[in-house]
Every structure is written in C-alpha cells, then in structure tokens.
Amino acid sequence: MNRYDLLKKGLNRKTKIIISVSISLFILAQIIILILPIYYGRILDTVMQVKYVPIFLFMTWGIGKLLNEIISQIASYMNGNILLDIHKNFIFHTFEKIKNIPMSNIIKSDTQYLTNLMIQQTKSISDIFNINYLSSIIDAIKLLTLTVIIFTIDIYIGFITTAFIVVTYFVFKYSNKYYLKKNKEYQEDTLRYHSDLDDVFRGRHEIDNFNSHNTEFRRIGKTHERLRKKANTYQLRNFLHFFWGLDYLRIFYELTVFIIAVYSANRGMYSLGKAVVLISYSTMTTAPVMYLNSLMDHLRNSITSLDIWNQSLGKLKAESTNGIKNISNEIEEIKFDDVSYKADGVVILNHINLTIKKGDHIGITGESGAGKTTLISLMLGIIKPDSGTISINAKNLNDINPKSIYEKTNVAIQSGKLFPISLEENIFLGRKTSKSINYYLDLMKLNEDKKIDKTLSNISGGEKSRILLARALVVDKEITVFDEPLTGIDKDNIEFILKKLREHFAEKTLIVISHNDKLTDGLCDRIYSVENGTLK
Amino acid sequence: MSKVFNGLLFLFGILHKKIRIYYFSYSIISIFHILLFAWLPFLYKGILDKIVNGNAFSEDVIFYFVLTITAFASIKLWSTFNIFLKNKSIEVISNLFFIKILKIKDDIFFKENSSRWTHVFNNDIKNISMIFLDFVFTIPAEIIYAVVLFAIVGFNSRILLFLLIANYIVNGICILIRDKYMVNKYETAQNKYKKLQENTNTYLNGLQELILNQSCDFFGKKLDHWYSEYIHTQKNILKNDFILNMLSKITDIIVQISVVAVCLSLFIEGRISFGMVVILIQFSIQLCSKLSEIVENMSFLQYFIPHLDSLKKVYDYEERPDSCINTIESFKSIRFEDVYINYGDRTILKNVNLSIHNGDRVLISGKSGIGKTSLIRSIQNQNLINSGFIDFRDRKPEIAYLSQNPYLFNRSIRENLLMANQNSSEKELNDVLCFVELDKLVKDASYGLDRMAGVDGCNLSGGEKARLAFARILLIDKEFYILDEPLIGVDHDLKKNIIEKTAKFFQNKTLLLISHDENFKETCNKKFIIGYNNVIVNEGKKYEQI
C-alpha cells in the first residue's frame with residue numbers, strides 16, 4: 015500500500031477545500047502580524063513630526079490587528095471542526111479495510127490492537143492537518159520573513175539577527191540533548207531510590223526486629239544525598255545552558271538591536287518610528303527560534319502513525335484474490351478428503367474423511383479439545399488443512415471466496431459475543447427478517463425472563479447461549495452449524511428448545527457440535543465422534 | 019486559599035530555619051527585582067525623549083545596558099542558588115518522612131500495603147518539589163508589580179485605567195462562563211470518546227461473528243452513531259469556545275488599539291512625552307495579561323493541596339513508643355496467665371498457662387493454623403489478648419524474632435546479613451553461612467557474598483531464602499530467640515544437618531521455637547503441643563491442661 019493511500023482516500027473534496035482554506039487563513043494571519051509593526055512605526059513617526067494622528071494609517075493598523083485576531087480564530091475553529099470530520103473518514107476507511115481482513119487473521123489479531131489502529135492511530139494521522147502542529151513550520155517561515163524584513167530596514171541588524179538565529183539554534187540543540195539525556199538518567203536513579211524505599215517498607219518487620227532503623231536511615235540518607243548531588247550538577251548545567259547562555263544571548267541581541275537602532279535614528283539614518291519597529295521585531299525573533307528544534311516533531315509522530323497503519327493493515331490483508339470465485343448454486347455436498355491438521359506440531363485431525371450432503375443432520379461429539387471446532391474452522395476456510403482437500407460442490411475450498419460460504423452458512427460459534435445493545439438488536443444484528451422479535455423470544459423461552467434489561471448486564475450463561483442460538487436462526491441459510499449450543503441451559507428448557515429446533519431444521523442441513531450426547535441424539539441422524547484425531 | 023497557606027506553613031514548619039530564611043529573603047529580593055524592571059522602561063523613555071529633542075544620550079544608553087544586564091544577572095543568580103536549596107529542601111523532607119514512616123505504629127503501618135508508603139515519596143513529595151520553584155516565591159512580587167504598573171498608568175491617564183478594567187471585566191466573565199458551563203461539556207465529550215473506544219473494542223472483539231452474520235454494516239451504523247454523537251458534542255464545544263475566545267480576544271485587541279489612540283492623543287495634547295507614549299503602551303499591554311497570569315499561578319497552588327494534606331496526615335500518625343531497655347538486669351521469665359485469643363468469633367487459643375524461664379528452650383508444635391503464630395504474636399503485641407495476661411516479671415526481654423515469612427531485602431547477601439548485626443566480621447558471616455550450609459553456594463557464585471538477593475529474595479530458591487533468613491538470626495546477640503517455623507521448604511537431610519549444627523548455638527540461650535519438625539527435639543528441653551480444642555498441653559500429659 016502506498017504511504018499516502020489513506021490520506022488520498024480518507025479526504026473528500028469538501029474536507030480538502032476546508033483544510034486548505036483554514037491553513038491559508040492561518041498563514042495570512044501570521045503575515046498580517048509581521049506587517050503591522052511597519053504601520054505602527056509610521057503612525058509614531060507622523061504623530062511625532064506633525065502632532066496629528068494619521069486617521070487612515072491608524073484605521074488600517076487597527077483593522078489589521080483586529081483582522082489578524084479574527085482570521086486566526088476562524089482558521090482554528092474551521093480547522094478543529096474539519097479535523098473531526100477527517101478523523102471520522104479515516105475511522106471508516108480503516109473499518110472498511112478491517113472488514114475485509116481474512117478470518118484467519120482476525121482470529122489471530124489482538125482486538126485492542128485493531129481498536130488502536132482504528133481510532134488512536136487515525137487520530138494521530140488526522141493531526142497532520144492540525145494548525146497547532148503545523149505552527150512550528152509556520153514559525154520557521156515567519157522567522158525567514160522577519161529576517162528579510164529586518165535586512166531591508168537595517169542591513170547590520172539583519173546580519174546580527176541571522177547570526178543570532180544560527181547560534182541560538184545550535185546552543186538550544188546541544189542544551190536540549192544534554193537535558194534529555196541527563197534527565198532520563200536522573201529519573202532512572204529516582205526510580206531506583208523509590209524501589210529501594212519500597213523494599214525497606216516491605217521488610218519493616220525485619221528492621222523492627224533487628225532494630226536497624228538508624229542504619230537504614232543513614233543508608234537511605236546517603237542514597238538521597240548522591241541523588242541530590244547528581245540533580246544539582248545536571249540541573250545547574252541545564253540552568254547555565256538555558257537561563258544564562260540562551261537567555262543572555264537573547265538579552266544581548268535585543269540590547270544590541272536597541273542600541274544600533276537608537277543611534278541610527280539619532281543620526282537620522284531612519285526615523286525613530288522605524289527604530290521602534292526594529293526593536294519590536296527583535297523581540298519577535300526570539301520565541302520561534304526555540305521551536306525550530308521541534309519543527310518536525312509533531313509531523314514525525316503523525317507520519318509514524320501513518321506507517322504503522324499501513325504496515326499493520328498490509329500485514330493483515332488477504333493475499334491475492336485471483337481465481338477465487340463465489341459459490342452461486344446451492345450447496346449440495348461438502349467433502350473432507352483425507353484431511354489432516356496440525357497446530358504447533360501437535361496433530362489435531364488425522365486423515366479425516368467426511369461427506370455432508372444437503373439435508374443431512376450431522377452430530378459431532380468428543381472430548382473438549384479433541385478437534386471438533388477445528389473441523390468447522392476448516393470447513394469455513396478460517397484455517398487451511400496441512401494435507402488433504404476440502405471441497406464444496408466438488409470445488410476446492412481454496413478457490414472459493416470464504417465470504418460466499420458465510421453467506422450460505424449460519425454459525426453459532428462457541429465463543430459468541432453479546433454486544434452492549436438491546437436484546438432485540440443483539441438477536442437481529444441489523445439483519446432483515448419477516449418474523450417479529452417475540453417469535454424468537456418464544457422459541458428460546460427468553461420471554462419469561464422479564465429481568466433481562468437493555469444493557470444485558472445481568473445475563474446468565476444459559477440465557478446467553480439461547481440468545482446466540484436465536485441469532486443463528488434469524489436468517490434462513492442453507493447450512494446451520496451449532497458449536498456447543500445450549501451450554502448452561504437447564505433441563506426443562508432443553509427439551510422444549512430441542513423440540514422447536516427439530517421442527518425448524520426438519521428440511522435443512524444441520525451440523526451440531528457438542529460433548530453432550532443428548533443434544534446430538536435429539537437433533538441429528540448421523541453422529542460421529544472425534545477421538546485422537548480420527549472420526550468414528 | 020487559606021488551605022494552601024496552611025499547607026505551606028506546615029511544609030516550611032518542618033524545614034530547617036536556614037531554608038526558611040532563604041525563601042523569605044528570596045521573596046523580598048524578588049520585589050526589588052521586579053521594581054527594577056518597572057524602572058528600566060523609564061530609562062528607555064529618557065533615551066527616546068533625548069533623541070526626539072536631539073540631546074546627547076550615550077551615557078544613558080550605557081547605563082541602561084549595564085543595568086539591564088545586572089538586573090537579569092541578579093535574578094538568575096538567585097534562581098541558580100534556588101536549584102541547590104530546592105534539592106536540599108526535598109532531601110530534608112524525604113529523610114524526615116522516611117524515618118517517620120519507619121516509626122509509625124505497627125497497627126497503622128501494617129494495615130497498608132508497602133506501596134502506600136512509597137507513594138508518599140514517588141507521588142506526594144515528587145509533586146511537592148514544585149513548590150520550591152521560583153514562581154511560588156515571586157507571586158507577592160508579581161502582585162506588587164501589577165499594582166505599581168496600575169499606579170503608573172492610572173497616574174498618567176484615568177481613561178487608560180478604565181479601559182484596562184473594562185478588559186478585565188469582559189475577560190473575567192468569559193472565564194466564569196467557561197468554568198460554569200464548559201467544563202462539564204469537556205468531560206461529556208471525553209466520556210463519549212472513551213465510550214466510542216470501548217464500544218469499538220467490544221464490537222471488534224466479536225468481529226468474527228459480525229462477519230459470519232454479514233452484520234458488519236450494522237456495526238458501521240452503530241459506529242457512525244457514536245462518532246456523530248461525539249462530534250456533535252465536540253463541535254458544540256468548539257463553537258462555544260470560538261465565541262468566548264472571539265469575545266475575549268477582540269476586547270483585548272480593541273482595548274490595545276484604544277490604549278494606543280489614548281496615548282497618542284495625550285502626546286499631541288502635550289501632556290506626555292514621546293518616550294512616555296511608548297512605555298505607557300508597553301505597560302498597558304503587559305497589564306492586559308498580567309492579572310490572568312497571577313490568577314493562574316495562584317490557582318496552580320491549589321494543585322498542591324491534596325499532596326500537602328497527604329503529607330500532613332502521615333506526619334500526624336502516631337509513633338510507636340521507643341522500647342528503652344535497661345540492660346543491667348537480665349530477664350527472668352515470661353508467664354502466660356489464662357490467656358485467651360480470639361479472631362472475630364473464632365477462638366484461637368484457650369486458657370493458656372505457660373511459663374518460660376531464662377535458659378528454657380521451648381518447642382511448641384501442632385497442626386498448621388491451630389494458633390502457634392498467634393501465641394508468639396501475643397508476646398510482642400499484647401493487644402491481641404482477649405482475656406488473661408502475660409507477666410514479664412521485671413521487664414520484656416530483648417527479642418530476636420524469625421517470622422514465618424522472613425523478608426530478604428533487594429541488596430547483596432552480605433548487606434542482608436549485616437542488617438542483623440552491623441558489627442559482624444567477615445569470619446562471622448562465613449560461619450553462619452557454614453551453619454546453614456550456604457557457604458558453598460556463596461563460594462561458587464561469581465559474586466560471592468555480593469550476590470544480589472532480589473526483591474523479597476526472588477533471586478534465591480525458597481529453601482535458600484529460609485536458610486539465609488535463619489543464618490541472619492544467628493548473627494544477632496539477644497537474650498530471647500523466637501523462631502516461627504524456621505527452615506520451611508528445606509529438604510529433610512539438609513535440615514537435619516543444619517539443626518544439628520545450630521543446636522550448639524542455642525545451648526545457653528532462651529528459645530521459643532515453633533515447628534512440627536521432630537528434628538528440633540534435640541535443640542529444646544521442653545515441648546508443648548497445641549492440641550485439638552485449642553488447648554495447649556505438655557507432651558508428657560497429652561490432651562491434659564497445664
């Protein structure tokens with residue numbers, strides 16, 4: 015996948031326009047800030063010379079100042095709004111991708127990881143367009159423009175400014191590196207000190223026992239003294255770097271500009287107003303220089319997120335889908351031909367042969383962990399057999415789009431999940447059906463349990479498996495697979511539900527997996543049992 | 019605010035007098051600093067005025083230059099000193115609380131997990147270290163500075179003063195509105211975002227089912243719903259924020275423009291000089307943000323309240339009484355008199371009558387959970403006894419106690435042993451290790467005695483741990499030894515050897531040993547069994563009360 019795939023696809027025309035407008039507005043506001051002092055200087059000059067406020071100049075300056083504020087506020091408001099929309103687009107774009115991940119990868123991947131990819135990473139990616147994060151780049155542009163303006167007013171101050179920017183940049187870079195390194199060391203030492211304290215408190219009964227409070231106190235006191243001396247050294251040096259070095263650089267720079275400007279004005283090289291402008295420009299230079307070092311930091315984070323997003327989803331994506339077809343006809347026959355499957359070197363299924371024909375009711379029993387569920391996973395194409403072939407309608411499973419199998423198969427999986435929505439929604443899951451919710455509630459005897467509330471928080475295991483069962487009955491599909499249904503359901507209900515299920519599945523293909531013989535006996539015509547990897 | 023003040027008083031109350039004097043002088047000095055910085059602009063004004071009038075001004079410039087540099091240097095010098103003082107103050111507080119916590123009464127201390135006590139250091143004290151930052155001590159100076167600026171501005175023009183106050187009122191209203199209506203909304207939006215994440219996680223957890231049931235779009239719709247809800251709240255916040263910001267910023271700008279206009283007109287009227295125009299504008303713009311800065315700094319102090327309270331609570335905990343022992347007379351005997359111990363409704367021990375004289379070596383055995391350890395605990399803490407009493411005759415003996423779960427510190431084996439007795443020589447250490455047959459292990463290991471034991475001895479096996487703890491007890495020289503299930507987890511033969519070797523050590527000592535191990539029989543000269551019915555009996559007369 016291309017690195018910028020998400021950016022291209024996640025942005026639509028509207029968002030693109032609004033983003034560009036908000037960023038341009040923001041830059042415009044920054045330019046206005048730079049130009050304003052020139053007007054201010056001219057106003058001062060005029061007032062001084064003719065003792066009269068130049069209304070036009072003053073209005074321009076005032077409106078400029080207002081406009082700058084209004085524009086930058088609007089820009090950040092627009093930007094904040096559109097970022098939310100962009101984030102939403104990215105979330106849904108990611109969701110589309112996640113939907114198409116093959117089942118085998120879904121089972122393997124950690125949910126928290128997918129959620130992170132879908133929400134947090136996309137948030138970080140959308141921040142590429144965040145004005146606040148772009149401001150360090152804008153600062154750099156601002157600095158450049160400022161230097162140019164200063165050069166046009168006074169060439170000497172221009173050179174001094176350039177020198178100041180370069181020196182400050184490097185001093186800051188060095189100081190910052192030193193601080194980060196030493197601070198990390200100090201934090202680690204502090205951590206060790208705290209774990210030492212914890213150790214002492216954990217063993218206080220021994221200290222009481224040995225009456226060694228004073229020795230402990232001396233020992234901890236010494237540790238802290240070392241810690242303090244270390245802190246003194248690095249904090250002092252850090253202070254020298256930033257508050258003596260860098261700050262005095264700034265003070266000297268500003269004073270130098272002040273002296274040159276004042277003398278030049280006095281000698282009549284330019285007006286006093288211009289001198290005041292230069293002085294205010296000199297104070298504008300100092301702040302952005304400090305940010306130059308973090309110029310790419312935010313963007314770098316966003317781009318890292320973009321890479322993580324691309325790589326993770328690329329890894330989970332299906333391999334080539336060439337030559338894979340849907341099954342369009344009804345499923346007449348599913349055939350396991352000499353199928354074996356190993357997991358972590360352990361043989362789970364060994365040379366299995368099984369044919370399931372349309373209308374069959376097949377039961378599969380066996381101890382837990384014997385490989386019953388593996389059989390279903392193989393049939394659905396979630397995992398691939400190590401040897402042998404599985405075919406549907408005499409077509410190899412590898413050549414069939416698994417989605418078309420899911421469309422024809424109802425599966426109530428053992429590890430079924432309930433979602434934090436109402437009971438009705440949990441059964442229907444948004445699918446269309448002609449029957450009302452009450453039909454399913456009656457069928458599964460869920461109606462009597464009036465206590466089931468909307469949040470499904472107080473649900474029992476039996477109720478849960480009944481809801482999952484009902485979920486599998488909503489859409490009539492050609493094949494239905496029940497993996498350990500009816501666990502935790504009490505005896506009275508089982509009889510009733512079995513009866514209903516028999517009626518419901520009289521004509522259809524049904525595969526039931528259970529370690530409960532009663533269930534398979536009650537529902538199925540043919541019963542196999544999985545033992546030591548073979549089918550009997 | 020009074021809470022903050024009380025908290026600060028408490029904190030500085032426990033510091034050295036020198037540190038208190040330093041911080042007091044720092045506050046005073048910072049007022050001079052700030053007044054200097056209020057004066058500097060007037061020099062600047064003088065220079066500008068001289069240019070306008072075409073007078074010579076070189077000396078003024080040099081003076082201004084030198085004074086600025088010196089003023090900054092003075093501020094920085096004090097801040098530099100503060101680094102040392104700050105770290106020293108933290109050290110004083112840390113050490114104070116360390117010894118305090120070690121002395122807290124047992125029932126308070128052991129009720130809590132050790133992390134509760136470490137929390138004092140890695141959370142409370144760590145956060146409180148920020149109190150020693152410069153901004154706290156310069157708050158009074160900042161307030162004075164603001165007042166001085168107000169006075170200067172107000173002296174020159176009442177209109178300027180009015181403009182500034184109007185600005186404060188509008189900004190104040192904006193802040194009030196934000197505090198009252200917006201803060202809840204921020205929380206709501208955050209909660210919705212959190213819910214979005216949680217729900218997404220739940221659904222992705224059931225993704226397999228959603229795909230099998232072709233219900234992905236159903237989830238999509240739900241996701242759309244949640245995100246739209248979040249967006250709705252968030253956009254609402256953005257809108258309100260936008261309006262409030264716009265209001266306060268535009269007022270700010272209009273006030274600034276008006277300030278410039280007023281100052282210029284004052285100049286045209288000839289009431290102030292050009293230099294004054296420049297500095298009045300500068301002062302007014304500074305004042306626009308100064309007040310909110312001060313309020314922000316002061317409200318930041320609120321952040322310390324919970325930490326200060328927490329420290330105060332620890333500081334006020336009752337201390338355990340000092341066990342001052344008169345060592346001239348050796349102890350004579352301990353006598354249990356009709357002692358009953360209950361835990362809740364359950365009777366642990368019933369009617370215990372038992373005497374231990376100086377020189378007795380008593381072995382107490384019985385099934386696990388029958389109350390052996392409770393008997394020992396009652397010697398150390400008589401609050402556990404429900405009825406009856408323990409008679410120590412003249413005084414409580416000095417006890418060396420090996421608990422059932424001895425703790426090994428995350429230090430070297432040597433340091434762990436030395437904890438028991440600081441004055442032990444290298445030979446003594448080797449001897450006791452020899453007793454418990456750990457000498458080989460120590461010799462073979464590349465670090466020898468400097469091998470680290472790990473937190474709670476996690477680098478050692480259970481048996482090694484028990485042996486090391488036993489060895490540690492042998493280093494102590496006390497008059498009364500209580501051993502609770504020593505050498506648990508040590509294999510049988512090894513245990514037998516160790517017991518044989520150490521029997522000699524205890525020969526002339528008073529010993530109370532709890533164990534169900536037969537091997538200890540040789541070490542002791544008296545044996546009791548806690549039988550069923552929770553009654554303690556002498557071995558000779560089984561199930562008979564003594």
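Chains F and Y, in that order, give the protein sequences. Numbered per my numbering, the first sequence finishes at 550, counting up by one with no gaps. Numbered per my numbering, the second sequence finishes at 564, counting up by one with no gaps. Quick reminder that beta carbons are idealized off the backbone N, C-alpha and C, glycines included.
Name the chain Y residues that come within less than 7 Å of residue i, Cβ to Cβ?
{"i": "F:Y91", "result": "L256 and F260"}
{"i": "F:T129", "result": "Q215, T218, N219 and L222"}
{"i": "F:A279", "result": "I69"}
{"i": "F:Q87", "result": "F260, N263, M264 and K267"}
{"i": "F:M62", "result": "V70 and F292"}
{"i": "F:N95", "result": "K253 and L256"}
Does residue i pass the burial test, meaning 16 or more other C-beta atoms within 10 Å, or should it be called exposed?
{"i": "Y:S302", "result": "buried"}
{"i": "F:T247", "result": "exposed"}
{"i": "F:R17", "result": "exposed"}
{"i": "Y:P59", "result": "buried"}
{"i": "Y:W57", "result": "exposed"}
{"i": "Y:K559", "result": "Note that Y:K559 has pLDDT 41, beneath the 50 cutoff, so the model's placement of it is unreliable and no number is given."}
{"i": "Y:Q208", "result": "exposed"}
{"i": "Y:N105", "result": "buried"}
{"i": "Y:Y425", "result": "buried"}
{"i": "Y:H34", "result": "exposed"}
{"i": "Y:Y561", "result": "Reliability of the predicted coordinates at Y:Y561 is poor, the pLDDT of 35 falling under 50, and the value obtained from them is presented with this limitation in mind. It is exposed - the Cβ of Y:Y561 has fewer than 16 other Cβ atoms within 10 Å."}
{"i": "Y:I374", "result": "buried"}
Strictly below 8 Å CB to CB, what residues from chain F border residue i?
{"i": "Y:P424", "result": "E220"}
{"i": "Y:N428", "result": "S209, D210 and D213"}
{"i": "Y:T206", "result": "Under the 8 Å cutoff, chain F gives no residues; its nearest Cβ is about 15 Å from Y:T206."}
Near residue i, what residues of its chain come up, given a Cβ to Cβ distance below 6 Å and the 5 sequence neighbours on each side ignored?
{"i": "Y:V273", "result": "L181 and N185"}
{"i": "Y:Q514", "result": "Looking at the sequence provided, one finds Lys at residue 514 of chain Y rather than Gln. Within the same chain, Y:K514 has close Cβ partners N537."}
{"i": "F:I451", "result": "E438"}
{"i": "Y:H51", "result": "I93"}
{"i": "F:R251", "result": "none"}
Which same chain residues end up closer than 8 Å to residue i when comparing Cβ atoms and leaving out the 5 residues on each side of it in sequence?
{"i": "Y:Q398", "result": "I417 and Y419"}
{"i": "Y:R338", "result": "K121, I122, K123 and D124"}
{"i": "Y:L103", "result": "I37, Y40, Y41 and F150"}
Just to make sure I have the definition right: I need the residues of chain F whose C-beta is within less than 9 Å of the C-beta of residue i. Which are they?
{"i": "Y:V473", "result": "S209, D212, D213 and R216"}
{"i": "Y:L120", "result": "V214, F215, R218, I221, D222, H227, E230 and F231"}
{"i": "Y:N105", "result": "L241, R242, K243, A245, N246 and Q249"}
{"i": "Y:I494", "result": "N223 and F224"}
{"i": "Y:Y321", "result": "Residues of chain F passing the Cβ test: none, with the nearest at roughly 20 Å."}
{"i": "Y:E109", "result": "G235, H238, E239, L241 and R242"}
Quick one: what's got a C-beta closer than 7 Å to residue i's C-beta in the same chain, skipping five residues either side?
{"i": "Y:D67", "result": "S291, F292 and G293"}
{"i": "Y:G377", "result": "T528"}
{"i": "Y:L512", "result": "E455"}
{"i": "F:K79", "result": "L50"}
{"i": "Y:S323", "result": "According to the sequence shown, residue 323 of chain Y is Ile rather than Ser. Same-chain partners within the cutoff: K21, V22 and G25."}
Identify the contact partners of residue i in chain F, using a Cβ-Cβ distance below 7 Å as the criterion.
{"i": "Y:F102", "result": "N246"}
{"i": "Y:A438", "result": "F224"}
Could you name the residues of chain Y that residue i contacts, counting a contact when the two beta carbons are closer than 8 Å?
{"i": "F:E421", "result": "Q232"}
{"i": "F:I121", "result": "Q226"}
My understanding is that residue i touches residue j, with C-beta atoms under 8 Å, so please give their C-beta distance in whole angstroms.
{"i": "F:F104", "j": "F:T136", "result": "4 Å"}
{"i": "F:Y54", "j": "F:V291", "result": "7 Å"}
{"i": "Y:G384", "j": "Y:I548", "result": "3 Å"}
{"i": "F:S418", "j": "F:N340", "result": "4 Å"}
Counting only Cβ pairs nearer than 9 Å, list the residues of chain Y close to residue i.
{"i": "F:E83", "result": "M264, K267, I268, D270 and I271"}
Report the start-end ranges of each beta strand (DSSP E) in the stretch 507 to 547 of chain F that is 3 residues or longer and not cut off at the edges. 523 to 527 and 540 to 545
Every unbroken beta strand (DSSP E) inside the stretch 404 to 487 of chain Y [3 residues or more]: 405 to 409 and 417 to 420
Going residue by residue through the stretch 162 to 245 of chain F, where are the continuous alpha helix (DSSP H) segments of at least 4 residues, counting only ones entirely within it? 169 to 216 and 218 to 224
Runs of alpha helix (DSSP H) wholly within the stretch 353 to 437 of chain F (minimum 4 residues, chain order): 386 to 393 and 416 to 422
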